[in-house]
Amino acid sequence: MITDPMTSCGCFECIAAVLPSTGGIMIVNREYPEMTPCGMKFSTLAGTVGGGQQTPGFIGHSKHYIGSRKFIAAEGGIQRIVWMPTMLKEEIKDVFVKRAEEAGLGGEDFLAKIADETTATTEEEVLEFITKNQHPATALEPMF
35 MITDPMTSCG
45 CFECIAAVLP
55 STGGIMIVNR
65 EYPEMTPCGM
75 KFSTLAGTVG
85 GGQQTPGFIG
95 HSKHYIGSRK
105 FIAAEGGIQR
115 IVWMPTMLKE
125 EIKDVFVKRA
135 EEAGLGGEDF
145 LAKIADETTA
155 TTEEEVLEFI
165 TKNQHPATAL
175 EPMF
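Each residue of the sequence shown is one higher than the last, beginning at 35 in our numbering.
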């Protein structure tokens, strides 16, 4: 995600973006219209990430990819996810909980440690939330 990120054409369902102070990433889906903790809406992020460009710290991807064992594997996988909109958490819940259990992260307990728009709307609030909830990203090496 940082070094040699994959390219995206613009037809992605989600965008993952690094939130540097948290040691993790946020994911926003196309249907979420509000501002995200990185300070941009999906539409602005899509203009930055799409068009076949490599944009360090950002990747466009499908919702299905979040449940993959290969999801940002070089950066540590799903344990790096620190923020997602509630609608996305609900939509992928079953697959995500199963994947979190396989990864030894605790399933639904791990999902509850991921901030959303009801608990954090800025990067600073995400950091407060994940620190308070002992999210595993707080113990990982920085991404860059």
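For every residue, glycine included, the Cβ atom is placed at its ideal position computed from N, Cα and C. Computed from a prediction, not measured in an experiment: that's the story for all the values here.
Along the chain, where does the alpha helix (DSSP H) containing residue i start, and where does it finish?
i	result
LEU145	142-146
LEU32	Not covered by the structure: residue 32. The range shown for the chain is 35 to 178.
Classify residue i as buried or exposed, calling it buried when 16 or more other Cβ atoms lie within 10 Å of its own Cβ.
i	result
ASP150	buried
THR165	exposed
LYS104	exposed
GLY58	buried
THR37	exposed
THR90	The amino acid at residue 90 is misidentified as Thr; the sequence shows Pro. The residue is exposed, with fewer than 16 neighbouring Cβ atoms inside 10 Å.
Would DSSP call residue i helix, strand or coil?
i	result
LEU122	helix
GLY101	helix
GLY58	strand
GLY84	coil
ALA149	strand
For my contact list, residue i and residue j are in at a C-beta cut-off of 8 Å; report their separation, rounded to the angstrom.
i	j	result
SER96	PHE46	7 Å
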